[in-house]
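Worksheet: one structure, shown below.
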Amino acid sequence: QIEKIEILRGPASSLYGADAIGGVIQIFTKKGETDRPLIHAAVGLGSYNTKTAEAGFSAASGNTRYGINLNSLVTDSFSAIRVLPVNVSKNPISVDRDGYRNFGISAFIDHTFAVGQILGLQYFGSKGHSNSDTNNGGAFDFADFTNETQQSYALTSKNEFTDFWHSTLKLGKGIDDYDYHYSATGVSLYKTEQNQYTWQNDLSLPVGTLTLAYDRLEQQVNSNTNYTLTTRKNNGFLAGYLADIGNHSIQASLRKDGNSQYGNHTTGGVGYGYLVSPEWRISANYGTAFKAPTFNQLYYPSFGDPTLLPEQSKNAEASIKYTSDKQHASFTVFDNKISNLIAFSGPATAGCTLGGFCPVNVGRVEILGATFVGGWNVTDHLTLNGNFTVQSPRDEKTNKLLARRGNNYGAVSLMHSWGDLEWGAEVTGASTRYNDATNTKKMSGYALLNLTANYRLTPEWKLETRANNMLDKDYVLAYTGNTATANPYGTAGANIFVGLRYQMKP
7 QIEKIEILRG PASSLYGADA IGGVIQIFTK KGETDRPLIH AAVGLGSYNT
57 KTAEAGFSAA SGNTRYGINL NSLVTDSFSA IRVLPVNVSK NPISVDRDGY
107 RNFGISAFID HTFAVGQILG LQYFGSKGHS NSDTNNGGAF DFADFTNETQ
157 QSYALTSKNE FTDFWHSTLK LGKGIDDYDY HYSATGVSLY KTEQNQYTWQ
207 NDLSLPVGTL TLAYDRLEQQ VNSNTNYTLT TRKNNGFLAG YLADIGNHSI
257 QASLRKDGNS QYGNHTTGGV GYGYLVSPEW RISANYGTAF KAPTFNQLYY
307 PSFGDPTLLP EQSKNAEASI KYTSDKQHAS FTVFDNKISN LIAFSGPATA
357 GCTLGGFCPV NVGRVEILGA TFVGGWNVTD HLTLNGNFTV QSPRDEKTNK
407 LLARRGNNYG AVSLMHSWGD LEWGAEVTGA STRYNDATNT KKMSGYALLN
457 LTANYRLTPE WKLETRANNM LDKDYVLAYT GNTATANPYG TAGANIFVGL
507 RYQMKP
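For reference, each letter of the sequence shown is one residue, going 7 to 512 in this note's numbering.
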């Protein structure tokens, strides 16, 4: 379904909304045409009794395009909590299966009434069930589960009023509906809804493009737990300018948010890029951002903290990029200073029972570092790709590493094609991290080896397989607490997945 994925690093709240404090990942989906319908289907089996199935199509008839996609996932999975030998006596069940199942659907339809006049409707729905373990005073309860339903609707009108004025009006609604079944305390119901209205106007000027936009976000929470605040609103106003002048690129933006809970906040950014040659480009950016705590972070049952403050950041970065037919590389240095960073490392409180995972504001944080990304088509059949980040994500007051954030992380992959067979290997890893803000509960660094292969049976049919954590590495991403006997949350051991995919060729 995916045509491309764009990753924008750094603050982007001016254009993408107040929550885009650290970056944006934008996914673009494929859409069929009248003479080029898209049809796909796939099934798969894997370790932990995992089963997947999906199917969908996208096509067009005249000036109307439409499509629908269905997907299903069922897995027995592994234990949510891996009980250490020292704690087994507290519960005779040291290994259980905390399964998960999910069914999803997405659909769209849009119609072109005239040149530059398009009206479209999108829908997304997902319904899931997940089992979990709960730490009750050192004894573990294996009967808890969660039912979760997510839905979103969007109506979009794209209008070309003149040659230089393009307008996009979007009305959207999102619903998150959860019910948590705790065997010890009963059922907790939690539902959030948000309505979003966006009107973006792009004006083509003699030099560059001016963007003027307004967006309004309305949020509401309902639960069987009573809250002092159940609704809030955010009004955002944006002005942005982008221009390419010869080898020079410039951008500037200014945004003002009026939040009914946290008042007014003004953010913005400036950027400059210079094309040294067709292969080399240098750039520098500076931006600020504001992010209000989510309703989950504020009010999630047995978790949220209603006293949380919003995050505010100042980010500066500079980069150099090289691109040719066979190689691409970029090197970026960044310095991100954040006030009131929301971290999930606080101790248990009267409102949050998940000690070590409670949301908490970290007063002043600086994340200073550098990222290298590169790729090389060694031959027509061999490709090497990798990325590596060195950083110092620290609390300025204590000079300690932020919880669960290491100094180094990265990945490298090598892919080879031989006729209809494509195969490869990848290694991902991270350095030492700590489960807590005081850096006492250590989590060792790790490296995971994964293998992947696919064989094209026909132009439409492809056999796929993937083997993860081939060396069966025992690694930890988080602990249930920060004591010496705290149990780690479960991670997957060596596992394999095999699938068969059909993709209609246009």
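C-beta atoms are modelled at their ideal positions from N, C-alpha and C, and glycine is treated no differently. What you are looking at is a predicted structure, and each value in this text was computed from that prediction instead of being measured.
Whole-angstrom C-beta distance between A349 and A431, which should lie under 8 angstroms: Working through the sequence shown from its first residue, we reach residue 431 at position 425. Working through the sequence shown from its first residue, we reach residue 349 at position 343. In fact, because the Cβ distance is near 34 angstroms, the residues do not count as touching under 8 angstroms.
CA nearest to the CA of N137, picked from F151, G126 and L127: For the purposes of this step, residue 137 is identified with residue 131 of the sequence shown, where counting begins at 1. Of F151, G126 and L127, the residue nearest in Cα terms is F151.
Range covered by the alpha helix (DSSP H) that runs through F301: Here residue 301 refers to the residue found at position 295 when the sequence shown is read from its first residue. Residues F301 to Y305.
Neighbourhood of L76 by C-beta distance below 6 angstroms, restricted to the same chain and skipping five residues each side: Reading the sequence shown from its first residue, position 70 is the one you call residue 76. Taken in chain order, the residues that qualify are A61 and I111.
Residues near A459 in its chain [Cβ-Cβ closer than 6 angstroms; skip 5 each side]: If you number the sequence shown from 1, residue 459 lands on position 453. Cβ within range, chain order: W429 and T471.
Nearest-angstrom Cα separation, counted from A48 out to W205: Against the sequence shown, residue 205 aligns to sequence position 199. Against the sequence shown, residue 48 aligns to sequence position 42. Looking at the two C-alpha atoms, the distance is approximately 38 angstroms.
As assigned by DSSP and simplified to three states, the class of S20: Numbered from 1 along the sequence shown, position 14 holds the residue referred to as residue 20. S20: helix per DSSP, three-state reduction.
Residue closest to K511, alpha-carbon to alpha-carbon, out of G38, R71, D116 and L248: The residue labelled residue 511 in the question sits at position 505 within the sequence shown. With distances taken between Cα atoms, K511 lies closest to G38.
Supposed contact pair T377 and T338 - C-beta distance, whole angstroms, cut 8 angstroms: Sequence index remark: in the sequence shown, residue 338 carries index 332 (1-based). Sequence index remark: in the sequence shown, residue 377 carries index 371 (1-based). Indeed they touch by this definition, with Cβ atoms about 5 angstroms apart.
CA nearest to the CA of Y233, picked from P312, K239 and Y278: Working through the sequence shown from its first residue, we reach residue 233 at position 227. Minimum Cα distance to Y233 is reached at P312.
Residues sharing a beta bridge with L469, DSSP: Along the sequence shown, one-based indexing puts residue 469 at 463. According to DSSP, which records beta bridges pairwise, L469 is partnered with Y461 and L506.
Bridge partners - G180, DSSP secondary structure assignment: Within the sequence shown, the letter at position 174 stands for residue 180. S158 and Q200.
Close beta carbons around M476, own chain, < 7 angstroms, minus the five adjacent residues each side: For the purposes of this step, residue 476 is taken as residue 470 along the sequence shown, with counting starting at 1. If we look at M476 and ignore the five residues flanking it on each side, its Cβ neighbours are L455, N456, L457 and A500.
Sequence-distant residues of the same chain with beta carbon closer than 8 angstroms to G496, five excluded per side: Here residue 496 corresponds to residue number 490 of the sequence shown, with the count starting at 1. The residues are F84, S85, A86, I87, R88 and D104.
Residues that DSSP places opposite A150 in a beta bridge: On the sequence shown, position 144 is the one that residue 150 refers to. The residue asked about is misnamed: residue 150 is Asp in this sequence, not Ala. D150 is bridged by DSSP to S138.
Beta-carbon gap between S325 and S336 smaller than 7 angstroms: Along the sequence shown, one-based indexing puts residue 325 at 319. Along the sequence shown, one-based indexing puts residue 336 at 330. Yes, the Cβ-Cβ distance between S325 and S336 is below 7 angstroms.
Three-state secondary structure assigned by DSSP to P365: For the purposes of this step, residue 365 is taken as the residue at position 359 of the sequence shown. Residue state, collapsed to three classes: strand.
C-alpha distance - L390 paired with T489, whole-angstrom precision: For the purposes of this step, residue 390 is taken as the residue at position 384 of the sequence shown. For the purposes of this step, residue 489 is taken as the residue at position 483 of the sequence shown. Taking the straight line joining both Cα atoms gives about 42 angstroms.
Length of the line joining the Cα atoms of I33 and I11: Start at 1 with the first residue of the sequence shown, and residue 33 comes out as number 27. Start at 1 with the first residue of the sequence shown, and residue 11 comes out as number 5. If you take the alpha carbons of I33 and I11, they lie about 5 angstroms apart.
Three-way DSSP call (helix, strand, coil) for P399 in this model: Working through the sequence shown from its first residue, we reach residue 399 at position 393. Reduced to three states, the DSSP call for P399 is strand.
Length at least 3, wholly inside the region 232-293: the beta strand (DSSP E) runs in chain order: For the region 232-293, whole beta strand (DSSP E) runs of length 3 or above, ordered along the chain, are 237-251, 254-265 and 269-281.
Proximity of G246 and S259 at Cβ, strictly below 7 angstroms: Along the sequence shown, read from residue 1 onward, the residue named residue 246 stands at position 240. Along the sequence shown, read from residue 1 onward, the residue named residue 259 stands at position 253. One thing to note: G246 has its Cβ within 7 angstroms of the Cβ of S259.
For P91, the three-state DSSP class (helix, strand or coil): Within the sequence shown, the letter at position 85 stands for residue 91. Helix, per DSSP.
Min CB distance V384 to chain B below 7 angstroms: No chain B is part of this structure, which consists of one protein chain only.
Reference I124, options L420, G357 and R71, closest by Cα: Residue mapping note: residue 124 aligns to position 118 of the sequence shown, counting from 1. When only C-alpha atoms are compared, the closest one is R71.
K297 classed as buried or exposed, judged by whether at least 16 other C-beta atoms fall within 10 angstroms: Here the question's residue 297 lines up with position 291 in the sequence shown. Under this definition K297 is a buried residue.
Pairwise C-alpha distance: G505 and L51: The count along the sequence shown starts at 1 and reaches residue 51 at position 45. The count along the sequence shown starts at 1 and reaches residue 505 at position 499. L51 and G505: Cα-Cα distance of roughly 6 angstroms.
Neighbour-count burial assignment, E466, 16 or more Cβ in a 10 Å radius: Within the sequence shown, numbered from 1, the residue matching residue 466 stands at position 460. That one is exposed.
Sub-7 angstroms separation of N153 and L195 beta-carbons: Residue 153 sits at position 147 when you count from the first residue of the sequence shown. Residue 195 sits at position 189 when you count from the first residue of the sequence shown. No, the Cβ-Cβ distance between N153 and L195 is not below 7 angstroms.
Residues near N69 by beta carbon distance below 8 angstroms, same chain, minus five either side: Here residue 69 is taken as the residue at index 63 of the sequence shown, counted from 1. Sequence-distant partners of N69 (beyond 5 residues in either direction) whose C-beta falls short of 8 angstroms from its own C-beta, in its chain, are H117, T118 and F119.
Alpha-carbon to alpha-carbon, V384 and N228: By one-based count along the sequence shown, residue 228 stands at place 222. By one-based count along the sequence shown, residue 384 stands at place 378. Taking the straight line joining both Cα atoms gives about 56 angstroms.
Where L315 sits in the DSSP three-state scheme: As a working mapping, residue 315 is identified with position 309 in the sequence shown. Correct three-state label for L315: coil.
C-beta atoms of P17 and I8 nearer than 7 angstroms: Translated into positions along the sequence shown, residue 17 becomes position 11. Translated into positions along the sequence shown, residue 8 becomes position 2. Judged by their CB atoms, P17 and I8 are not nearer to each other than the 7 angstroms cut-off.
Range of the contiguous beta strand (DSSP E) that encloses V49: The residue you call residue 49 lines up with position 43 of the sequence shown. Annotation: the continuous beta strand (DSSP E) that includes V49 extends over L44 to G52.
Burial state of G23, where buried means 16 or more other Cβ atoms lie within 10 Å: If you number the sequence shown from 1, residue 23 lands on position 17. Here G23 is buried. Its C-beta has 16 or more other C-beta atoms within 10 Å.
Buried or exposed (CB count within 10 angstroms, at least 16 for buried), G144: As a first step, residue 144 is located in the sequence shown; it is residue number 138 there, counting from the start. The pLDDT assigned to G144 is 47, lower than 50, so where the model puts this residue is not dependable; a value taken from the coordinates is nonetheless given after this. Exposed: under 16 other Cβ atoms inside 10 Å.
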